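Read top to bottom, the protein sequences are chains A and B.
Residue numbering for the first sequence follows my numbering, starting at 2 and increasing by one per position.
Residue numbering for the second sequence follows my numbering, starting at 2 and increasing by one per position.
These notes concern the structure reproduced below.
There are 2 protein chains.
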Amino acid sequence: MSFNLYIYFNNPLIMISNSSKYAVKAVLYLAVNSSEHQKILAKDISVPTNIPKAYLSKVLQELSRHNIVSSVKGPGGGFYLSKENINTPLMKIIQVIDGDNRLTSCMLSLQDCDAEHPCPMHDLVGNTKVNFVKNLEQNTVRDLVKDIKTGKSFLPL
Amino acid sequence: MSFNLYIYFNNPLIMISNSSKYAVKAVLYLAVNSSEHQKILAKDISVPTNIPKAYLSKVLQELSRHNIVSSVKGPGGGFYLSKENINTPLMKIIQVIDGDNRLTSCMLSLQDCDAEHPCPMHDLVGNTKVNFVKNLEQNTVRDLVKDIKTGKSFLPL
DNA sequence: CATATAAAGGATAAAAATGTCTTTTAATCT
DNA sequence: AGATTAAAAGACATTTTTATCCTTTATATG
């Protein structure tokens, strides 16, 4: 028996890929807990963040390759965020993981859709989307950490 | 050579599944072009909307089963929207196709995330998301058609 | 230098989303 | 009733996303 009267607490609408979520969580975990002198192993990120270890390793690899996280091999090695890394815009994390091959700025994936010539869904989503993207472009990892430290947002991940 | 300086015109961020896009497009096409006395074949929807015919049929089947579109078999049959169908909230279309098994109201898929106890991503997305979902819940197919007819939004799909 | 450690890289597997094809069922028309 | 039409249903194929495992490379340490 269902009482689902269009009260959608949980919904599939706005999302980044699972992989990108993993990436953001891992970077954030490193931002809060690591430093150049306090490196963290992949497996020690995977446990507190609930990310499958092997998969997380792949994600971290990709992030490392794109200079979003730093890594050192061998004993005493692991992952950490450098001073430079911490200024990464959130959008870059998502871009690196999800790629930019989904050519869909329009909600219905239409070619001829913009503010001047909106498709039927455009205005329903328009502002919303623009704002969200702007937020992700303008905010860096550092900004998120600041919110955590000033009690504006909360862990754990 | 790339000049992609974080100017993300196209991005993978906010999205509904492809299947849901197909569903919305098909319903909208029917809303504009069909009636109980003007039924339309699946293949005649698939061409103008650029949706693979066989896959569209599956989507329409599902929509029909959930009373979002109406269908009649046999000669002179096809799909159309009844007076009742046209009042379907957009959210219901997406729900029916994408299902409600993605338990992720939180951007990072966290359990303990809400306005009172926001995760680090929450406020970046928060309002944005709430507004969008609200729009999809409050607007019906009829509302979208009205926008088209009053020149506020445009076809084709 | 030999050994251990830990990330990088490559290959493969499983699951989900997307797409196609064939058969069945229901309706219409002669 | 028989033939034709068109959606419904079922089976299957492909692609993408997510996940795991094994080997290689780089680093540190005894």
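For each residue, glycine too, the CB sits at the ideal point set by N, CA and C.
It should be emphasised that the depicted structure is a prediction, and the values quoted were computed from it without experimental measurement.
Quiz item: Closer than 7 Å, CB to CB, is residue 67(A) near chain B or not?
Solution: Using beta-carbon distances, residue 67(A) does not count as an interface residue toward chain B, since no partner is under 7 Å.
Exercise. Tell whether a beta-carbon distance below 7 Å holds between residue 98(B) and residue 24(B).
Key: yes
Exercise. Pick out the complete beta strand (DSSP E) segments inside the segment 88-156 of chain A, 3 residues or longer, and give them in chain order.
Key: If we require 3 residues or more, the segment 88-156 of chain A turns out to have no beta strand (DSSP E) run fully inside it.
Exercise. Indicate whether the contact test is met: 3 or more Cβ pairs, each with one atom in the segment 78-86 of chain B and one in the segment 39-58 of chain B, closer than 8 Å.
Key: yes
Practice problem: Per DSSP, which residues does residue 79(B) bridge with? Please list them. | Solution: DSSP output for residue 79(B) lists 73(B) as bridge partner(s).
Self-check item: Test: residue 47(A) CB closer than 7 Å to a CB of chain B
Solution: no
Quiz item: Per DSSP, what kind of secondary structure is residue 18(A) in: helix, strand or coil?
Solution: coil
Quiz item: If we ignore side chains and look at the alpha-carbon of each, how far apart do residue 94(B) and residue 19(A) end up?
Solution: 23 Å
Quiz item: Which whole-angstrom value describes the C-beta separation of residue 64(B) and residue 28(B), a residue pair presumed to lie in contact below a C-beta threshold of 8 Å?
Solution: 7 Å
Quiz item: Taking Cβ positions, are residue 108(A) and residue 134(A) nearer each other than 7 Å?
Solution: no
Self-check item: Contact with chain B by residue 149(A), beta-carbon distance below 7 Å
Solution: yes
Self-check item: Whether residue 50(B) touches residue 22(B) by CB criterion (7 Å)
Solution: Contact flag unset, no.
Practice problem: Please list, in chain order, all residues of the same chain as residue 88(A) whose beta carbon is under 8 Å from its beta carbon, the five residues on each side excluded. | Solution: The beta carbon of residue 88(A) sits closer than 8 Å to the beta carbons of 141, 142, 143 from its chain, once the five residues preceding and following it are set aside; these are given in chain order.
Self-check item: Host alpha helix (DSSP H) of residue 158(B) (start-end)
Solution: Secondary structure note for residue 158(B): it is in no alpha helix (DSSP H), with a DSSP letter that is neither H nor E.
Quiz item: Closer than 7 Å, CB to CB, is residue 64(B) near chain A or not?
Solution: no
Self-check item: C-alpha gap between residue 47(A) and residue 55(B), whole angstroms
Solution: Straight across, the Cα-Cα distance linking residue 47(A) with residue 55(B) is about 41 Å.
Quiz item: Can the beta-carbon of residue 149(A) be found less than 7 Å from the beta-carbon of residue 119(B)?
Solution: no
Quiz item: By how many angstroms is the C-alpha of residue 61(B) removed from the C-alpha of residue 31(B)?
Solution: 11 Å
Quiz prompt | Beta-carbon neighbours of residue 22(B), restricted to chain A and to distances below 7 Å | solution = 109, 110
Exercise. Tell me, please, which residues DSSP counts as bridged to residue 39(A).
Key: According to DSSP, residue 39(A) bridges with 36(A).
Quiz item: Assuming residue 86(B) contacts residue 71(B) under a Cβ cut-off of 8 Å, what Cβ separation, rounded to an integer in Å, is found between them?
Solution: 6 Å
Quiz item: Exposed or buried, residue 83(B), counting other C-beta atoms within 10 Å across all chains shown (16 or more means buried)?
Solution: exposed
Quiz item: By a C-beta neighbour count over all protein chains shown, 10 Å radius and 16 as the cutoff for buried, is residue 139(B) buried or exposed?
Solution: exposed
Quiz item: Whole-angstrom Cβ separation of residue 154(B) and residue 123(A), contact assumed at under 8 Å?
Solution: 6 Å
Quiz item: Is the shortest distance between the beta-carbon of residue 70(A) and the beta-carbons of chain B less than 7 Å?
Solution: no
Practice problem: Quick one: list the residues of chain B neighbouring residue 123(A), beta-carbon separation under 7 Å, in chain order. | Solution: 154
Practice problem: Starting from the C-beta of residue 146(A), find all residues in its chain whose C-beta is less than 8 Å away, skip the five residues before and the five after it, and write them out in chain order. | Solution: 29, 32, 33, 87
Quiz item: From residue 17(A) to residue 53(A), what distance separates their C-alpha atoms?
Solution: 18 Å
Quiz item: For residue 118(B) and chain A, any beta-carbon pair shorter than 7 Å?
Solution: Yes - at least one Cβ of chain A is within 7 Å of the one on residue 118(B).
Exercise. Can you tell me which of the three DSSP states residue 52(B) falls into?
Key: coil
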